[in-house]
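Residue numbers (my numbering): 1051 to 1556.
Yeah, the Cβ is synthetic: ideal placement off N, Cα and C, and Gly gets one too.
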């Protein structure tokens, strides 16, 4: 159907994941890549820069943005305090230590066995935070829990690739197992990775090391090993999860915590054969990893969000959401405000990500398939709005391979060209932007590889046949939804504190 007063159909939001703005230099894969289509768009069409980190996306000042908060903010049209800030505030005001779900886990462990704390060892603020782990250790002390075992997953993506040795001494408790996030936090149903972490945590079935530091040093002795790739190890005798134990998974970002949670808690789990399944666990997830997950308590329930996608559904408009596996949750669950199910009039297409160990081995990923999905949707004439995510700059950037990331940018450039050409031909418009930076800053000042996100701003380009009618001003990611609603001819609700990025030229 046609939108009320809309000039463009479809209106397309094209998110180039991990495409930030930084000065040109030998570590800037964005500027060093040959990207004729993107450069031509910037030269010809209105463009701006958007803040995509820190307070602009509900995180503490100076904390890099990420795909989750980026898409959540773009879809909501206002800044929500993210779980990192909510949990930090709870620690500061003391409510963390009276949280009902967390205290229930402590009570179960005190009565029946061991309290297991598992999650990402990081100060990157993306999936978990060391401060939260140590607050849990303090909570256990206050609740008189005598047996506490910590299962740490090393980062190396949202932090420097080899930073674990700086963090391990700051853990205020006994580490029972140590893993790279590559294994424990897979999100692409590579169950053989999750299985290795599961066996270490549940069965103490992994090579043993005397200390966690020993495991890290052995990894660093190999030039191709970094924190995220550390194979699961049992520290000392370990601490296998027993029947009636309690588990707190302290990752606050859901997407990479789900699979290990399913392996531990789903009775009908089929990802791999579990030699042993602990019974009668008290399991607490920091946030809601999946709606209705059985037998899982949630410490910090989600805040209610009414996203732009819901407004389109209420207005009877149609929409199309597509990405490859690595970013599919971001254009659906996160962009839709934490809602799993599609809205009325919303179609989705998942393009499988390639099954490779790391994406530097295939930097083109599935960009061609994602672009084709969007192109087909635009040509169909069925949709008023579409969102598409091209994952290459971020996912290849995380590998630290500069040459591969340059190739990823060039692949992305070609995909953007296809999307723009077909959308304009259909009478639509495109906003090209990003959710956070990454590929533009791939080395630290000392020359070491930088595989993490950045705090740099991101670009926004408005592409339309009559784009000269519009001026575009700088802003934040929260301004995306109001801009899209304006282009769709819909009013911007008062709860959206963002403002349209476009103004008619005088």
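Check: When every heavy atom of the ligand COA is checked, does at least one fall within less than 8 Å of the C-beta of residue 1320?
Finding: Of the ligands one can find in the structure shown there are none, so the ligand COA has no counterpart to examine.
Next item on the list: Would you grab the beta carbon distance between residue 1124 and residue 1469 for me? Rounded to a whole angstrom, and I think it's under 8 Å.
Entry: That belief does not hold up - the Cβ atoms of residue 1124 and residue 1469 are roughly 17 Å apart, past 8 Å.
Notebook entry, point to check: In terms of residues, what are the limits of the beta strand (DSSP E) holding residue 1335?
Noted result: 1332–1337
Margin query: Is it buried or exposed, residue 1323, if we count other Cβ atoms within 10 angstroms and call 16 or more buried?
Written below: exposed
Notebook entry, point to check: Cα-Cα, which of 1216, 1244 and 1223 is closest to residue 1229?
Noted result: 1244
Notebook entry, point to check: Going by beta carbon distance, what residues of the same chain come within less than 6 Å of residue 1461, once the five residues before and after it are set aside?
Noted result: 1414, 1417 and 1442
Next item on the list: List the endpoints of the continuous alpha helix (DSSP H) containing residue 1429.
Entry: 1417–1430
Note to self: Between the alpha carbons of residue 1279 and residue 1215, how many angstroms are there, rounded?
What the structure shows: 15 Å
Check: So who's on the other strand from residue 1520, going by DSSP bridges?
Finding: 1554
Notebook entry, point to check: If we count Cβ pairs, one from each stretch, closer than 8 Å, do we get three or more for the segment 1113–1123 versus the segment 1377–1388?
Noted result: yes
Next item on the list: May I ask which residues mark the beginning and end of the alpha helix (DSSP H) holding residue 1191?
Entry: 1180–1192
Next item on the list: Just the C-alpha distance for residue 1117 and residue 1182, rounded to the nearest angstrom, thanks.
Entry: 21 Å
Check: Beta-carbon separation of residue 1311 and residue 1083 under 9 Å?
Finding: no
Margin query: Please report the distance separating the alpha-carbon of residue 1173 from that of residue 1103.
Written below: 15 Å
Item checked: CB contact flag (residue 1296, residue 1159, <9 Å) -> yes
Checklist line | Bridge-paired residues (DSSP) for residue 1504 | finding: 1487
Margin query: For a quick check, are the C-beta atoms of residue 1331 and residue 1294 less than 9 Å apart?
Written below: yes
Item checked: Rounded straight-line distance, which links the Cα of residue 1224 to that of residue 1018 -> A question about residue 1018 goes unanswered here, because the residues of the chain that appear run from 1051 up to 1556.
Check: residue 1470 lies in the alpha helix (DSSP H); which residues open and close that run?
Finding: 1452–1475
Check: Do you know how far the Cα of residue 1145 is from the Cα of residue 1139?
Finding: 8 Å
Checklist line | Pairwise C-alpha distance: residue 1072 and residue 1078 | finding: 7 Å
Item checked: Cβ-based neighbour list, residue 1329, same chain, cut-off 8 Å, excluding 5 preceding and 5 following -> 1293 and 1294
Notebook entry, point to check: From residue 1218 to residue 1473, what distance separates their C-alpha atoms?
Noted result: 50 Å
Margin query: Please list the terminal residues of the continuous alpha helix (DSSP H) segment that includes residue 1091.
Written below: 1086–1094
Checklist line | Distance between residue 1170 and residue 1142 (C-alpha atoms, nearest Å) | finding: 21 Å
Next item on the list: Using three-state DSSP, classify residue 1380 as helix, strand or coil.
Entry: helix
Check: Would residue 1355 count as contacting chain D if we go by Cβ distances under 9 Å?
Finding: Considering every chain present, this structure includes no chain D. It has just one protein chain.
Margin query: Beta-carbon within less than 8 Å of residue 1240's beta-carbon, same chain only, minus the 5 sequence neighbours each way: which residues are those?
Written below: 1405
Checklist line | Short Cβ contact (9 Å threshold) for residue 1502 with residue 1210 | finding: yes
Note to self: Taking the alpha carbon of residue 1562 as the reference point, which residue from 1300, 1063 and 1115 has its own alpha carbon closest?
What the structure shows: Past the edges of the chain, shown from 1051 to 1556, lies residue 1562, and the structure says nothing about it.
Next item on the list: Mind reading off the beta-carbon distance from residue 1509 to residue 1489? Whole number of angstroms is fine, and I expect it under 8 Å.
Entry: With a Cβ gap of about 12 Å, residue 1509 and residue 1489 do not count as contacting.
Notebook entry, point to check: Do you know how far the Cα of residue 1464 is from the Cα of residue 1092?
Noted result: 15 Å
Check: What's the gap between the Cα of residue 1200 and the Cα of residue 1543?
Finding: 45 Å
Margin query: Going by C-alpha to C-alpha distance, which of 1213, 1237, 1154 and 1487 sits closest to residue 1267?
Written below: 1213
Margin query: I'd like to know whether the C-beta atoms of residue 1157 and residue 1133 end up nearer to each other than 9 Å.
Written below: no
Next item on the list: Would you tell me roughly how many angstroms separate the C-alpha atoms of residue 1163 and residue 1541, rounded to the nearest one?
Entry: 56 Å
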